[in-house]
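Heads up: the sequence shown begins at 7 in the working numbering, then just goes up one per residue.
Written out below as structure tokens is the structure these notes cover.
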Amino acid sequence: MSHTGENANPLCPIRVEPYFTFSDIASPNIMMDAQPLFTEPFHPYHPFKALDGRTTLYPRYARSQKPVRYYYIDFGYSKQFKEGEGRMVSGWNAREQVPEQVDGDPYDPFKADIYQLGAILRRDLIPSNASLSFLLPIARQMTEEQPCKRPTLAVARRTMNDQFGNLSGWRKRWPITPPFSTPRSRIALYWIGIRTELVHILQTLFRLFIPIY
């Protein structure tokens, strides 16, 4: 899966840019292009409706079958630095305030980005999806109160990719059900998971018994 950067897991849209900080990482500022999961265009405002705004659509594919991309939006507080330029800033205007911004002293915005991304994991994703609890240790490191104790974005990305790589195949393929899903949506996602596993099993058997010359 290819997302905003080189990472390969469906939860961490990290791209390591050495001279650029987003400075406003929050769940409302992360968007997913879900078009590859559907077989027909969906409504621009109601993504689970057809273009007529009435017909309900359900994903045809799981994200493990069709790559999707995640994007950061709202760059109003982002900062770009020149090579060799000092990287300390001051002030706070983002959705997610980090501990070092409380006193108004200059701080490292790169470490603030790490905290904000970790806060998304700890507050928005892990509590509502028990299957993501294996991310809690790295999320705690990313939200350390002291900036010097937080990992770099490169280390955080590598750690998450390693943790996802250790998951069994079916866990990586199984769709995550949002906590606010309706019963019908939960059934649809469950069916997508079952169908994905059946396709995977059939493809595996095909490769085992059908020789390729």
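From the three backbone atoms N, C-alpha and C, an ideal C-beta is built for every residue, glycine too.
**OP:** State yes or no: is the beta carbon of residue 95 nearer than 7 Å to at least one beta carbon in chain E?
**Re:** Any reference to chain E falls outside this structure, which holds one protein chain only.
Subject >> Residues near residue 87 in its chain [Cβ-Cβ closer than 6 Å; skip 5 each side] >> reply: 25 and 93
Original post:
Do you know offhand how far residue 70's Cα is from residue 178's?
Top reply: C-alpha separation (whole angstroms): 7 Å.
Original post:
With C-beta atoms as the reference, is residue 148 less than 7 Å away from residue 156?
Top reply: Closer than 7 Å, so yes.
**OP:** Use the C-beta contact count for residue 197: other C-beta atoms within 10 angstroms, 16 or more gives buried, fewer gives exposed.
**Re:** exposed
**OP:** Work out the CA separation of residue 135 and residue 184 for me, nearest whole Å.
**Re:** 8 Å
Original post:
Taking the C-alpha atoms as reference points, what is the distance between residue 204 and residue 145?
Top reply: 33 Å
Original post:
Buried or exposed: where does residue 104 fall if 16 or more other Cβ atoms within 10 Å of its Cβ makes it buried?
Top reply: So residue 104 counts as buried.
**OP:** Could you check if residue 47 is buried or exposed, using at least 16 other CB atoms within 10 Å of its CB as the buried criterion?
**Re:** exposed
Subject >> Contacting residues, own chain, Cβ-Cβ under 6 Å from residue 110 (five flanking each side not counted) >> reply: Excluding sequence neighbours, residue 110 sits near nothing in its chain.
Original post:
Excluding five sequence neighbours on each side, which residues of the same chain lie with their C-beta closer than 8 Å to the C-beta of residue 199?
Top reply: 68, 179, 180 and 181
**OP:** Hey, could you find the ends of the alpha helix (DSSP H) residue 146 is sitting in?
**Re:** 142-148
Original post:
Mapping DSSP to helix, strand and coil, what is residue 56?
Top reply: strand
Original post:
If residue 85 and residue 115 are in contact, beta carbons under 8 Å, what's the gap, nearest whole angstrom?
Top reply: Sure, about 6 Å apart at Cβ, within 8 Å.
Original post:
What did DSSP end up calling residue 48 once you bin it into helix, strand or coil?
Top reply: strand
Original post:
residue 38 lies in the beta strand (DSSP E); which residues open and close that run?
Top reply: Taken as a continuous stretch (DSSP letters only), the beta strand (DSSP E) holding residue 38 covers 36-39.
Original post:
What's the gap between the Cα of residue 32 and the Cα of residue 101?
Top reply: When the Cα atoms are used, residue 32 and residue 101 turn out to be separated by approximately 7 Å.
Original post:
Can you give, in chain order, each stretch of the alpha helix (DSSP H) that sits fully within the segment 155-214 and has at least 4 residues?
Top reply: 159-171 and 175-179
Subject >> Cβ-Cβ distance between residue 113 and residue 194 below 7 Å >> reply: no
Original post:
Straight-line CA distance for residue 120 to residue 216?
Top reply: Using only the alpha carbons, I get a separation of about 48 Å.
Original post:
Going by beta carbon distance, what residues of the same chain come within less than 8 Å of residue 36, once the five residues before and after it are set aside?
Top reply: 19, 76, 77, 78, 79 and 126
**OP:** Confirm, please, whether the CB-CB distance from residue 39 to residue 74 is below 7 Å.
**Re:** yes
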